[in-house]
Every structure is written in C-alpha cells, then in structure tokens.
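A.B. asks:
Protein chains: 2
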Amino acid sequence: MPEGRTGQGYSGESLLFLTDEQLRQGIEAMFFAYRGFTADPDRILAEMSYGRAHHRAIHFINRSPGTTVNNLLSILGVTKQSLNRVLRTLIGDGLVISKVGELDKRERHLYLTDQGQALEATLSDAQRARMRAAYKDAGPEAVQGFKTVLEAMMDADMRRAYAKLRD
Amino acid sequence: MPEGRTGQGYSGESLLFLTDEQLRQGIEAMFFAYRGFTADPDRILAEMSYGRAHHRAIHFINRSPGTTVNNLLSILGVTKQSLNRVLRTLIGDGLVISKVGELDKRERHLYLTDQGQALEATLSDAQRARMRAAYKDAGPEAVQGFKTVLEAMMDADMRRAYAKLRD
DNA sequence: TTGGAATGTCAACAACACTGACATAAACTG
DNA sequence: CAGTTTATGTCAGTGTTGTTGACATTCCAA
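Line by line, the protein sequences are chains F and A. Under my numbering, residue 167 is the last one in the first sequence; the count climbs by one each step, no gaps. Under my numbering, residue 167 is the last one in the second sequence; the count climbs by one each step, no gaps.
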C-alpha cells in the first residue's frame with residue numbers, strides 16, 4: 001500500500017481509506033480479481049463450447065433445485081430470451097430437466113440431471129479451490145471484511161437475492 | 001460436494017471460514033457485487049453505444065498515458081484484434097490519440113484527448129461513488145480485508161500487473 | 001542484406017447480451 | 001363465462017466483445 005495521504009498529516013484510518021487513489025486501487029483490484037475468479041471455470045467450459053452463462057444457470061439451479069425460470073431470471077439479471085437460449089442447450093444436452101409445475105402448470109421447474117450435477121461439481125471444485133486458497137492466504141478477518149465490502153457494493157435487489165440464497 | 005463441515009461442531013474461525021458453504025457464499029457475493037460494480041458505468045456507456053471494453057481501455061490509458069498497445073493488451077488480457085476494434089472507435093470518435101513511437105516506430109503510444117478525459121472522469125466518478133459508499137459502509141478494517149482477499153484471488157500475472165500500476 | 005521477431009491493422013466469425021413482436025397456456029377476475 | 005394478466009417459449013434482428021487468420025510495417029541480429 002503506497003502513499004495514501006502521505007505528507008498531509010495522518011488523521012487515522014477513518015479518513016485515510018477514502019482517497020481517490022485508494023478507491024482506484026479497489027476498482028482495479030476488483031477488475032483483476034474477477035478475471036481470476038472466472039478463469040478456472042472458463043477454461044473448463046471453453047472445452048465443451050459452453051460459456052459463463054451456462055455456468056451461472058447451472059450454479060443457481062444446483063443451488064435451488066426446482067426453481068422456476070422466472071425466479072432464475074431475476075437472480076441472473078438477464079432477459080428471458082438470453083436465458084432461454086442457454087437453458088435450451090442445457091436441456092438438449094441432458095444436463096437440465098424442466099418439469100411442468102403441479103400447482104401452476106405455466107411454471108417450469110428446473111433440476112440438474114446426474115450429468116448436470118457432475119459438471120456443476122467440476123466447475124464448483126475449480127472455483128472453490130481458488131477461493132479456498134485466497135481465503136487461506138488472507139485469513140479469517142480479511143474474509144469477513146471481503147464479504148462486508150462486497151455486500152455493500154450490491155444494489156438493493158441483489159442484496160435481497162443474495163440474502164435469500166442464504167435462508 | 002454440498003455441506004462441508006456443517007453440524008460437526010464449531011472449531012473457531014480458523015477453520016469455520018473454509019467450509020464449502022462459506023466458499024459458496026463468497027462466490028455468490030463476487031457474482032452479485034461485480035454486477036453492482038459495473039452497473040453505473042454500464043448505464044452511462046449504454047447511452048453512447050460504448051461498452052465495458054471501451055471503459056477498460058479508457059481507464060488504463062488514463063492511468064498510464066503514453067502506454068503502448070502491447071502493454072495495454074497484457075493488462076486487459078484480451079487479443080490485440082479485440083482491443084484494436086475498441087481503440088479504432090475511440091480514436092475515430094476523438095477520445096484517444098495514437099502516436100507513433102519515436103524510438104520504435106512499430107509502437108503506438110496512446111493518450112486520452114480532453115474529450116476522452118471528460119468521459120473517463122464521468123465514468124470514474126460514478127464507479128468511485130459506489131466504491132466510496134461501500135467502503136464507508138464497511139469500514140476501514142473490512143476494506144483492508146477486501147483488498148487482501150481480492151489480491152489473493154488473482155493469478156500471478158494479474159498480481160504483477162496490479163502491483164505495477166501502483167508504482 | 002536478408003530473415004525472423006515484434007507490433008499493429010483489417011476481415012470474418014462465434015458467443016451472448018439486448019429489444020421487439022408474437023404464440024400458447026394457465027390462472028385470475030369480475 | 002369473457003376478458004385480462006401471468007409465465008413461458010420462440011423468432012428475428014442488432015450490438016458488443018471475444019476469437020482466429022492473414023497481412024503490413026518496422027526493428028534487429030546473423
């Protein structure tokens with residue numbers, strides 16, 4: 001951590017961390033870290049002509065089996081056309097199954113097949129391995145701070161979706 | 001690999017924060033937070049038919065005026081053809097100028113024009129405002145942890161690029 | 001000086017986001 | 001029951017951003 005407010009008199013952490021320079025560093029850290037965050041799954045997905053969109057769908061279907069298309073839509077924050085293209089290929093390839101709702105037959109409930117779960121595990125393992133290494137490097141207190149800042153960076157609706165997933 | 005260590009007794013933070021569930025929460029936090037992170041600039045860029053790639057180029061040219069295409073390439077981690085398309089439009093629109101290198105005439109050194117700097121400021125202001133709010137919410141210790149984890153999440157070459165920018 | 005390496009440009013293509021329009025079926029409302 | 005809303009899926013078109021391939025220019029070293 002270089003300068004901060006060097007030479008201007010140190011007023012304690014409560015102010016120091018809000019300089020534009022500090023903010024810019026945070027921005028660049030997010031940019032690079034997100035590349036690292038997606039690098040491993042991206043490599044795996046590229047080999048099977050899937051993309052990040054497929055990964056996201058698979059992740060959240062695994063997370064909430066039986067979720068509806070609409071629900072998934074609001075979590076992913078994409079258009080239904082975009083999601084539909086992805087789901088169509090996943091269903092066609094036998095990774096996801098779509099069941100007509102029993103209560104409401106308009107709804108489609110989404111589940112991973114065994115094959116889908118296998119891919120999910122492969123992708124998750126790669127991503128978790130990196131996350132675990134980063135957590136281990138950084139230590140528990142840093143991890144707590146990491147999560148706190150990330151949550152503060154979300155929009156209200158994302159924060160709601162994020163919280164909901166932890167029920 | 002679902003649960004991790006759930007229900008096996010609490011052994012203190014030193015172990016607890018590495019459960020699969022904790023890692024998954026971190027993964028999802030990154031996903032949502034990155035959406036928030038890019039949301040404000042994306043909104044501005046959409047109005048002028050630019051995208052995130054333009055933003056990134058502008059950001060790093062502003063950060064290191066006179067940088068070469070090759071240098072920018074290694075920071076952004078895309079192909080030169082991809083970057084070139086973006087640079088072409090930015091140069092065509094008068095936001096960036098490209099000067100042939102004096103020592104090595106193969107190189108092109110990139111600079112923002114006044115107009116380019118104006119857009120950079122607009123985009124940065126939006127992004128910094130969100131960052132500042134998040135930092136303020138989370139507090140200084142959290143910010144320190146945030147940066148530590150992000151850096152640990154990068155690949156070695158990204159970490160090098162990130163460190164270089166802070167010289 | 002000649003051949004290879006480095007740097008950058010142009011063209012074509014694929015992935016994935018978007019909008020808009022429309023179809024279908026089921027649920028809800030009066 | 002008729003009309004409206006909701007949930008989903010599809011088709012067509014467009015834009016950004018990534019890719020590979022081919023090529024021009026410049027530098028440098030044998």
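By construction, the Cβ of each residue, glycine as well, lies at the ideal position given by its N, Cα and C atoms. The structure displayed is predicted, hence computed values, not measured ones.
By the criterion of Cβ-Cβ separation under 8 Å, what are the contact partners of Arg166 of chain F in chain A?
C.D. replies: Within the first sequence, residue 166 of chain F is the residue found at index 166, counting from 1. Near Arg166 of chain F (Cβ distances below 8 Å), the residues of chain A are Gln25.
A.B. asks: At least one CB of chain A closer than 8 Å to the CB of Ala29 of chain F: is that the case?
C.D. replies: Here the question's residue 29 of chain F lines up with position 29 in the first sequence. Closer than 8 Å: yes.
A.B. asks: Going by the beta-carbon positions, is the gap between Met131 of chain A and Ile27 of chain F smaller than 8 Å?
C.D. replies: What you label residue 131 of chain A is simply residue 131 of the second sequence in a count that begins at 1. What you label residue 27 of chain F is simply residue 27 of the first sequence in a count that begins at 1. A contact, by the Cβ cut-off of 8 Å.
A.B. asks: So if DSSP puts Tyr111 of chain A in a beta bridge, which residue, or which two residues, is it bridged to?
C.D. replies: Residue mapping note: residue 111 of chain A aligns to position 111 of the second sequence, counting from 1. Beta-bridge pairing links Tyr111 of chain A to A:Ile97.
A.B. asks: Kindly indicate which residue of A:Phe32, A:Met158 and A:Ala134 has the alpha-carbon position closest to the one of Gln22 of chain F.
C.D. replies: Here residue 22 of chain F refers to the residue found at position 22 when the first sequence is read from its first residue. Minimum Cα distance to Gln22 of chain F is reached at A:Ala134.
A.B. asks: Applying the 10 Å Cβ sphere with the 16-neighbour rule, what's the burial state of Leu112 of chain F?
C.D. replies: Position 112 of the first sequence, counted from the first residue, corresponds to residue 112 of chain F. Result: buried.
A.B. asks: Taking the C-alpha atoms as reference points, what is the distance between Asn70 of chain F and Leu76 of chain F?
C.D. replies: Your numbering for residue 70 of chain F matches position 70 in the first sequence. Your numbering for residue 76 of chain F matches position 76 in the first sequence. Rounded to the nearest angstrom, the two C-alpha atoms are 10 Å apart.
A.B. asks: Strictly below 7 Å CB to CB, what residues from chain A border Thr113 of chain F?
C.D. replies: Here residue 113 of chain F is taken as the residue at index 113 of the first sequence, counted from 1. Residues of chain A passing the Cβ test: none, with the nearest at roughly 17 Å.
A.B. asks: Report buried or exposed for Ala156 of chain F, applying the criterion of at least 16 other Cβ atoms within 10 angstroms of its Cβ.
C.D. replies: Numbered from 1 along the first sequence, position 156 holds the residue referred to as residue 156 of chain F. Burial call: exposed.
A.B. asks: In the DSSP assignment, the alpha helix (DSSP H) including Thr38 of chain F goes from what residue to what residue?
C.D. replies: As a position in the first sequence, residue 38 of chain F is number 38, starting the count at 1. Run containing Thr38 of chain F: Asp20 to Ala46, per the alpha helix (DSSP H) assignment.
A.B. asks: Taking the alpha-carbon positions, what's the Thr67 of chain F to Gly116 of chain F distance?
C.D. replies: By 1-based counting over the first sequence, the position of residue 67 of chain F is 67. By 1-based counting over the first sequence, the position of residue 116 of chain F is 116. Cα to Cα, Thr67 of chain F sits roughly 15 Å from Gly116 of chain F.
A.B. asks: Following the continuous alpha helix (DSSP H) through Asp157 of chain F, name the residue where it begins and the one where it ends.
C.D. replies: On the first sequence, position 157 is the one that residue 157 of chain F refers to. Run containing Asp157 of chain F: Ala156 to Lys164, per the alpha helix (DSSP H) assignment.
A.B. asks: Hey, would you say Asp40 of chain A sits closer than 8 Å to Arg52 of chain A, going by beta carbons?
C.D. replies: The residue given as residue 40 of chain A occupies position 40 in the second sequence. The residue given as residue 52 of chain A occupies position 52 in the second sequence. No, the pair does not count as a contact, with Cβ atoms beyond the cut-off.
A.B. asks: For Gln144 of chain A versus Gly145 of chain F, is the C-beta distance shorter than 8 Å?
C.D. replies: The residue labelled residue 144 of chain A in the question sits at position 144 within the second sequence. The residue labelled residue 145 of chain F in the question sits at position 145 within the first sequence. Cβ atoms of Gln144 of chain A and Gly145 of chain F: closer than 8 Å.
A.B. asks: For the stretch 46-75 of chain F, which residues have a CB atom closer than 7 Å to at least one CB atom of chain A, in sequence order?
C.D. replies: So the list is empty, because no residue satisfies the distance condition.
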